[in-house]
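Structure first, then comments.
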Amino acid sequence: MSILSSRVRPTDPEFVENRTSMMAMVDEIRTLEDLVRAHGERARGKFVKRSQLMPRERVQQLLDPGTPFVELSTLAGTDMHDDTGDKARAGGGNVVGIGFVSGVRCLVTANDSAIKGGAITPMGLRKTLRAQEVALRERLPVVSMVESAGANLLYQSEIFVDGGKVFANMARLSAAGIPQITVVHGSSTAGGAYMPGLSDYVIAVDERAKIFLAGPPLVKAALGQDAEEETLGGAQMHAEVSGTVEYLAEDDVHAIHMAREVVAALGWNDDVPTTRTLQVRPPRHDTDELCGVVPTDPKRPYDVREVIARLVDDSRFLEFKARYGSNTVCGHARIDGRAVGLLGNNGPIFPQGSVKAAQFIQLCQQSNTPLVFLMNTTGYMVGETAEQNGAVKHGAKMIQAVANTTVPKITIVLGGAYGAGNYGMCGRAYDPDFIFSWPTAKVAVMGGDQAATVMKMITRAKFARRGMPVMEE
Numbered sequence: 053m054s055i056l057s058s059r060v061r062p063t064d065p066e067f068v069e070n071r072t073s074m075m076a077m078v079d080e081i082r083t084l085e086d087l088v089r090a091h092g093e094r095a096r097g098k099f100v101k102r103s104q105l106m107p108r109e110r111v112q113q114l115l116d117p118g119t120p121f122v123e124l125s126t127l128a129g130t131d132m133h134d135d136t137g138d139k140a141r142a143g144g145g146n147v148v149g150i151g152f153v154s155g156v157r158c159l160v161t162a163n164d165s166a167i168k169g170g171a172i173t174p175m176g177l178r179k180t181l182r183a184q185e186v187a188l189r190e191r192l193p194v195v196s197m198v199e200s201a202g203a204n205l206l207y208q209s210e211i212f213v214d215g216g217k218v219f220a221n222m223a224r225l226s227a228a229g230i231p232q233i234t235v236v237h238g239s240s241t242a243g244g245a246y247m248p249g250l251s252d253y254v255i256a257v258d259e260r261a262k263i264f265l266a267g268p269p270l271v272k273a274a275l276g277q278d279a280e281e282e283t284l285g286g287a288q289m290h291a292e293v294s295g296t297v298e299y300l301a302e303d304d305v306h307a308i309h310m311a312r313e314v315v316a317a318l319g320w321n322d323d324v325p326t327t328r329t330l331q332v333r334p335p336r337h338d339t340d341e342l343c344g345v346v347p348t349d350p351k352r353p354y355d356v357r358e359v360i361a362r363l364v365d366d367s368r369f370l371e372f373k374a375r376y377g378s379n380t381v382c383g384h385a386r387i388d389g390r391a392v393g394l395l396g397n398n399g400p401i402f403p404q405g406s407v408k409a410a411q412f413i414q415l416c417q418q419s420n421t422p423l424v425f426l427m428n429t430t431g432y433m434v435g436e437t438a439e440q441n442g443a444v445k446h447g448a449k450m451i452q453a454v455a456n457t458t459v460p461k462i463t464i465v466l467g468g469a470y471g472a473g474n475y476g477m478c479g480r481a482y483d484p485d486f487i488f489s490w491p492t493a494k495v496a497v498m499g500g501d502q503a504a505t506v507m508k509m510i511t512r513a514k515f516a517r518r519g520m521p522v523m524e525e
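In the numbering used here, each number is its position in the sequence shown, counted from 1, plus 52.
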């Protein structure tokens, strides 16, 4: 193979002229990009007053320090729509690019809420759609940082129809197994509410994030109801009641830290060849203590997190939807350096717990994360309230998720494994790769006391129909 020689001499006048002209054009582009940043800087006082990070600061804190960030479509919308001259450059109203988050190459998007509240313009929409195409083609996890006034109504005729493609693309990314993490820093309303709704993991900033299809004025106009923003679509409500939010953050910094933790927990790069030595830290709590954590008396409660703390590396556990369906505990951790998803029981499985578990299992399937089930349940919750809340429907979804997942599964029966709860927690019938039972394990349709009570009731009813007395002992 021959070596190419060069006749170009950097000292030649032609070379100098070419370079000077080219650098002038590059500087012109950089000036346009700087004008967008300068436009956003004018809103800094508002963000400081609200104790918020600026949109570009959010992106910077999300990315790994010292790593490159390739910003995309920086000139989108130049001299169009909201661009009114050198002092008003919107950059499409969003920041889009590719960078490293917790060592994982991700597609990052952020509404530039420092400019016109992050209102969406036609070119900003096209910028987002293009970014989604890149993420799908290159299989890049997507981290979205949301705070937007919604579509700019001046351009609704150019936005509305194609705007639906954003959500269609999110559904396709999910179907392709590409994780989508959304951090809600402020408003995500009307159609924008589907952004977190279609995401796999949602982090919301308490007292700042708002997620609803219609705000209080529209609710009042349409239904005559008075509603407060927090009860209608606040972060706490969605974390505790609707289940839309997986993680509740104290502020922007905390939310971004949680987003980095979620990306790290996915194990997205685990199958990529690397020369990096895997650092494995033992649990901070002695595994020998497990025998003292789990009582032999099945009527004595304990917290399954105490078991998890003695199983996982460095006792670190990223709990999923901690405030929703709290009897069912789900979350990400590492065991011997490998990413795993854990599910455990703190009592019966309520409908909300079924919803949470089904979603978590599907997310682990999506990211090819092995599952560990720590079973100790009396089964699915019964009673009028549970039935009205969809105990059967949601329990069936959990069972369906377990039945269809193909990732490695290990089930550890710590205590009760009763009724359909045995199925939902990957009992023997659901073909776990391994199933281990502690000496305290009890596997049955129902507990002995409950079975005895049911049989007594059936016997009394049968004798009553025949007009015969029941001999009580």
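Virtual Cβ for every residue (Gly too), placed ideally from N, Cα, C.
No experiment lies behind these values; they were computed from the predicted model shown.
{"Item": "Residue ranges of each beta strand (DSSP E) run of no fewer than 3 residues wholly in the region 189 to 274, ordered along the chain?", "Value": "194 to 198, 232 to 236, 239 to 241, 253 to 257 and 262 to 264"}
{"Item": "Would a C-beta distance cut-off of 8 Å place His337 and Arg362 closer than the cut-off?", "Value": "yes"}
{"Item": "Under the assumption that Lys408 contacts Thr437 (Cβ atoms under 8 Å), give the Cβ distance between them as a whole number of angstroms.", "Value": "Actually they do not touch by this definition, with Cβ atoms about 18 Å apart."}
{"Item": "Would you check if the distance between the CB atom of Arg96 and the CB atom of Met106 is smaller than 8 Å?", "Value": "yes"}
{"Item": "Exposed or buried, what is Asp340 when buried is set at 16 or more other beta-carbons lying within 10 Å of its beta-carbon?", "Value": "exposed"}
{"Item": "Taking the beta carbon of Gly389 as the centre, do at least 16 other beta carbons fall within 10 Å, making it buried, or is it exposed?", "Value": "exposed"}
{"Item": "Is Arg312 buried or exposed, if buried means 16 or more other CB atoms sit within 10 Å of its CB?", "Value": "buried"}
{"Item": "Check whether the region 118 to 133 and the region 289 to 302 touch, using three or more Cβ-Cβ pairs below 8 Å as the test.", "Value": "no"}
{"Item": "Who are the Cβ neighbours of Phe526 in its own chain at under 7 Å, not counting the five residues just before and after it?", "Value": "Residue 526 is absent from the model: the chain starts at 53 and stops at 525."}
{"Item": "Taking C-alpha atoms, which residue in Tyr475, Phe425 and Gly476 lies nearest to Val465?", "Value": "Phe425"}
{"Item": "Using a Cβ distance threshold of 8 Å, determine whether the region 113 to 125 contacts the region 61 to 75, with at least three qualifying pairs required.", "Value": "no"}
{"Item": "Looking at the structure shown, is His290 part of a helix, part of a strand, or coil, going by DSSP?", "Value": "helix"}
{"Item": "Starting from His446, trace the alpha helix (DSSP H) both ways and give me its first and last residue.", "Value": "Ala443 to Asn456"}
{"Item": "Beta-carbon within less than 8 Å of Gly399's beta-carbon, same chain only, minus the 5 sequence neighbours each way: which residues are those?", "Value": "Pro353, Asn379, Thr429 and Thr430"}
{"Item": "Identify which residue in Val315, Lys168 and Leu192 has its Cα closest to the Cα of Leu159.", "Value": "Leu192"}
{"Item": "Can you tell me whether DSSP reads Gly144 as helix, strand or coil?", "Value": "helix"}
{"Item": "Counting C-beta neighbours from all protein chains within 10 Å, is the total for Asn456 16 or more, i.e. buried, or is it exposed?", "Value": "exposed"}
{"Item": "Can you say whether Ile81 is buried or exposed, counting buried as having 16 or more other CB atoms within 10 angstroms of its CB?", "Value": "exposed"}
{"Item": "Mind listing, in chain order, the continuous alpha helix (DSSP H) runs of no fewer than 4 residues lying wholly within the region 315 to 402?", "Value": "342 to 345 and 356 to 360"}
{"Item": "Please confirm if Lys351 has its CB atom under 8 Å from at least one CB of chain D.", "Value": "The structure shown contains no chain D; it is built from a single protein chain."}
{"Item": "Could you give the DSSP three-state label for Leu177: helix, strand or coil?", "Value": "helix"}
{"Item": "Looking only at C-alpha atoms, which of Gln184, Ser489 and Val153 sits nearest to Ala316?", "Value": "Val153"}
{"Item": "Given this structure, state the Cα-to-Cα distance separating Leu225 from Thr63, to the nearest angstrom.", "Value": "51 Å"}
{"Item": "Which two residues bound the contiguous beta strand (DSSP E) that contains Thr463?", "Value": "Lys461 to Tyr470"}
{"Item": "Judging by CA-CA distance, which residue of Lys449, Arg102 and Val495 is the nearest neighbour of Gly238?", "Value": "Arg102"}
{"Item": "Using the Cα positions of Met498 and Val195, report the straight-line distance between them to the nearest angstrom.", "Value": "44 Å"}
{"Item": "So the alpha helix (DSSP H) Asn70 belongs to, where does it begin and stop?", "Value": "Pro65 to Glu93"}
{"Item": "Do the CB positions of Gly468 and Pro350 come within less than 8 Å of each other?", "Value": "yes"}
{"Item": "According to the Cβ coordinates, are Val148 and Lys168 closer than 8 Å?", "Value": "no"}
{"Item": "Taking Met477 as the reference, which of Thr492, Ile150, Pro491 and Gln452 has the closest Cα?", "Value": "Gln452"}
{"Item": "Distance check for Met450 and Ala472, CA to CA, integer angstroms please.", "Value": "10 Å"}
{"Item": "Taking Cβ to Cβ, would you say Gly155 is nearer than 8 Å to Ala171?", "Value": "no"}
{"Item": "Who does Lys494 pair with in a DSSP beta bridge?", "Value": "Gly468"}
{"Item": "Is Gly170 helix, strand or coil by DSSP?", "Value": "helix"}
{"Item": "Measure the C-alpha to C-alpha separation of Gly229 and Arg357 and round it to an integer number of angstroms.", "Value": "28 Å"}
{"Item": "Just to confirm, are Val257 and Thr234 a CB contact at a threshold of 8 Å?", "Value": "no"}
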